[in-house]
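So the sequence lines, in the order shown, correspond to chains A and B. Okay, so the first sequence: first residue is 4 according to this note's numbering, each after it adds one. Okay, so the second sequence: first residue is 10 according to this note's numbering, each after it adds one. For glycine and all other residues, C-beta sits at the position ideal for the given N, C-alpha and C. Every value quoted in this text rests on a predicted model; they were computed, and no experiment measured them.
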Amino acid sequence: MIAARTGRARRAAAVVALAIVFASIAAIGSAEPVTVLQQTGDAGNRLDLVVLGDGYTAAELGKYASDVTTFLTAMLAQQPWTEYRNLLNIYRIDVTSAESGASHPENNVTKNTALSAAYNCSGIQRLICVNTTAVNNVLSRSVTATQRDLVLIIVNDSVYGGSGGAVAVASTNSAAVEIVLHEIGHTLGLLADEYTDQPPNCDLGVEPSAANATLQTQRASIKWNAWIDASTTIPTTTTAAGVAGLYLGAQYCPSGKYRPTYDSKMRTLNVPYYQINTEQIIKRYYNFAAPLDGASPSGTSVTVPGGGSTAFQVSVPALATHTPGVTWLFDGASVATGPSLVVSASALAAGSHTLTASIQDTTALVRSDPSSVLRATRSWTINAGTLTAPGAPSSLSATSTGSSVSLAWNAPASGSSPSEYVIEAGSATGLADLANFGTGNASTTFSASGVGAGRYYVRVRSSNAAGRSAASNEALLVVGGVCSAPPSAPILGAIVNGSTVTLSWTAPSGATSFVLEAGSATGLTNLANADVGGAPSYAATGVGAGTYYVRVRAKNACGTGSPSNETIVNVR
Amino acid sequence: MRRKIIASAAVAWLAFASCSTAQTPGFPPATQRSFAELRARVARADSSDGQELQLRWFAIEGAAQPASDVTVLDRRRGIGPLPQERDPQLSEDRLVVISVDATGRELDWRLVLDPRLVRAEFPDAQGRLSGRTFQRTEVNLLVDVPNNPDIVRLRIYAPQLTNDGFVLNLLATVDLP
């Protein structure tokens, strides 16, 4: 409707508006099915194209899907869509119509379709208009606000036609993809028409805002000057394709206004956009999508633990043939490239620092980016933590297989990072009389083989240059098999031959070694108390004259058993 | 001639009526302003959660500004994040929608494609294009603005390119329900 309204018309329109309100309420139903055809990233950081169909009955939704695929295949085969398709999300909304096709008022053909697509809009046979209320109702209930940066409606009619504007409309005619790409040049790229036919009117009064039209004739003032070779004459008269210059005629003006190439898709279908329009479309891609998808750590202030390090990482969208580069700046100085960087506390001076990941798409398709939309940055404030003694390790566990033992524990949750751990083992709880050594590294596991049988009370401590932590929990490590108790008492006998004393005893079940005790009086061990190994006998030579009160005890992994009978040995 | 005068009077009355119903507390909104001034003075608000407004818009051609009758058809709050334009640029096929609080303070602005504009462009046998543009006077507009309860009113401006940059002309003011 393209007419001024009178007061009566306004009142009538108010009634119509009221009717539309109710119609809209009635029309608000469940969302139409949405098929994600391409999801390359979060909708909030992508250019999002949503496709709707009109004039497809329920039985024709398969054809609709095929038509959309055909259309998108043709579209994405052209630059810059091919190179930048990974910055594009595409959704297909399956809108079902009661009737197939589109209305042709010029032929008195009316179709009942969901979006009311009709040719002959404003009396122009090839101009297809749709009901914007119906379109917006579908968009509102089917996709989010971030998923409809570009809206395309495909009409199930093979007769060539379409329209541009807030939504692009195209028939299924194979030639329609070209006009849609031209229209997207307007809506996405803010590009001007480069043809000179009128109407619309030629306006030579103001420098166009579009990237591809100018009134300027001085080389330095031409907005696409970065693309013009010094050898190219201004104005440019060559008809060769793709030569950037200053060509007379643009935006409905045969003279006085200039375009950047002799031809382009903003002037003629079935030709490329060429350099200047391609550059502008890429920049408008980056209006919706930063070349940065994510970063870790997620916060903006990070303390690198004393003695430790922190890994910083950014994720960058990969484009078809290139990937934006990442440069890391530490306090403004470039220190590294690539998607990740590890910062060690030892490399940090005291105080606060700034780490910045600078991501830049360096495509040769863009030469001028004054708004720096091809660049994104992510910064962190970094503080170096003070080195303190680490906290105690936790959850120590100990296992053995034969004579091999394995220890594992959790790193401390507090304090600075340990540089190593100290393992303690004792013959009784709390003791460290059997082992007390540093592991030499920050690993939270330890293994050893050839460990003697026995019961070991094990603990672990964290250690770094600032100190040593309290002990972890204590774990009981049993080496040498399973036992339930120390062995029973052996039966001891002794033979004296001069200064040689030969002792022998019975070996109780499970005994792994024997402890020999000797004293100067009954029950004492003041003369000998030693493990003499696993043999059930022992010969002592050169024994001095005297009376010895001798006993022997059997040992196993569970401990040392009761003493044998006490034998009195007299050496003369 | 007489018919023309009556029509003009009707349009002027409509413009006045529209202006009256849209009158806001405090100073009335500027009917013409600089886009650069808007960008410098009004920061775009947090876009983490939005509300969607579906507007029915009867544009009245040839009238003094504002000359549109805008009705809110639907309002949905809490729709999630809004599109974030990293480098919002104006063109003559876009509109500027400014969100306003009850005191007339401007809280946010967004760019939307002008739903009135229809491009009719077609190729000849060689692919060379020609075309026309139309202004529909009766359209539906989907507007996403921040989900800020202080927003009670929208002002819709159309850009006009001048040698000093874009100037915004007030098209319509609509109170939110």
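Sorted by chain position, which residues of the same chain lie with C-beta nearer than 8 Å to A321/A's C-beta, five sequence neighbours on each side aside?
N89
Check the Cβ of R119/B against every Cβ in chain A and list those closer than 9 Å, keeping chain order.
Ordered by position in chain A, no residue passes the 9 Å Cβ test against R119/B, which lies about 10 Å from the chain.
For the structure I just gave you, are there three or more beta carbon pairs, one from the stretch 116–128 of chain A and one from the stretch 73–89 of chain A, closer than 8 Å?
no
Alpha carbon to alpha carbon, what distance is there between S343/A and A469/A?
30 Å
Along the alpha helix (DSSP H) that carries G188/A, what are the first and last residues, could you check?
179–190
Any beta carbon from chain A within less than 8 Å of V176/B's own beta carbon?
no
Please confirm if the stretch 404–417 of chain A is in contact with the stretch 429–439 of chain A, defined as three or more CB-CB distances below 8 Å between the two stretches.
no
Candidates S398/A, P493/A, P294/A, R49/A: which alpha carbon is nearest T447/A's?
S398/A
In whole angstroms, what separates the C-alpha of L495/A from that of E569/A?
7 Å
In whole angstroms, give me the CA-to-CA distance for G248/A and Y261/A.
9 Å
Here's a check: name, in chain order, each residue in its chain whose Cβ is nearer than 7 Å to the Cβ of L194/A, leaving out the five neighbours to either side.
G188, A213, A214, N215, M269, N280, Q283
Nearest neighbour of Y288/A, chosen from S523/A, Q82/A, S507/A, N573/A [CA to CA]:
Q82/A
Go ahead and label H185/A buried or exposed: buried means 16 or more other beta carbons lie within 10 angstroms of its beta carbon, across all protein chains shown.
buried
Provide the residue span of the beta strand (DSSP E) that contains E569/A, from first to last.
Here E569/A belongs to no beta strand (DSSP E), and DSSP marks it neither H nor E.
Evaluate L479/A with the Cβ neighbour count: other Cβ atoms within 10 Å of its Cβ, from every protein chain shown; 16 or more gives buried, anything less gives exposed.
exposed
Euclidean distance between Cα positions of L40/A and Q169/B
38 Å
Could you confirm whether any beta carbon from chain B is found closer than 8 Å to the beta carbon of G168/A?
yes
Any idea which residues DSSP pairs L532/A with across the strands?
In the sequence as presented, Leu is not what sits at residue 532/A; that position holds Asn. E520/A, per the DSSP bridge assignment.
Touch test, the stretch 141–154 of chain A against the stretch 89–103 of chain A, Cβ-Cβ under 8 Å, three pairs minimum:
yes
In whole angstroms, give me the CA-to-CA distance for L530/A and T442/A.
38 Å
Pull the bridge partners of I156/A from the DSSP assignment, please.
L55/A, V172/A
What do you reckon, is the C-beta of A468/A under 7 Å from a heavy atom of the ligand ZN?
In the structure shown, the ligand ZN is absent, as is every other ligand, since no ligand is present at all.
Among P308/A, T391/A, S452/A, W412/A, nearest to T404/A - alpha-carbon criterion
S452/A
CB contact check: H356/A to chain B, cutoff 8 Å
no
I want to verify the contact list: residues of chain A whose CB lies under 8 Å from the CB of T171/B, in sequence order.
V209
Kindly provide the ranges of any beta strand (DSSP E) runs that are 3 or more residues long and lie completely inside the stretch 391–453 of chain A, ordered along the chain.
397–404, 407–413, 423–429, 438–441, 448–451
For G47/A, which of helix, strand or coil comes out of DSSP?
helix
Going along the chain, which unbroken runs of the alpha helix (DSSP H) with 4 or more residues stay wholly within the stretch 222–267 of chain A?
none
Report yes or no: do three or more beta-carbon pairs, one from the stretch 145–155 of chain B and one from the stretch 47–61 of chain B, lie closer than 8 Å?
yes
Helix, strand or coil: which one does DSSP assign to L64/A?
helix
Going by C-alpha to C-alpha distance, which of L150/B, G174/B, G89/B, T171/B sits closest to L163/B?
L150/B
Under 8 Å between C-beta atoms of E427/A and A445/A:
no
Using a Cβ-Cβ cutoff of 9 Å, what residues of the stretch 96–125 of chain B are near chain A? List them in chain order.
D96, P97, Q98, L99, S100, E101, D102, R103, V121, L122, D123, P124, R125
With distances taken between CB atoms, is the gap from A360/A to T380/A smaller than 8 Å?
yes
Which residue marks the beginning of the beta strand (DSSP E) containing Y122/A, and which one marks its end?
Where Y122/A is concerned, there is no enclosing beta strand (DSSP E), given that its DSSP letter is neither H nor E.
At the level of alpha carbons, what is the spacing between S318/A and G341/A?
10 Å
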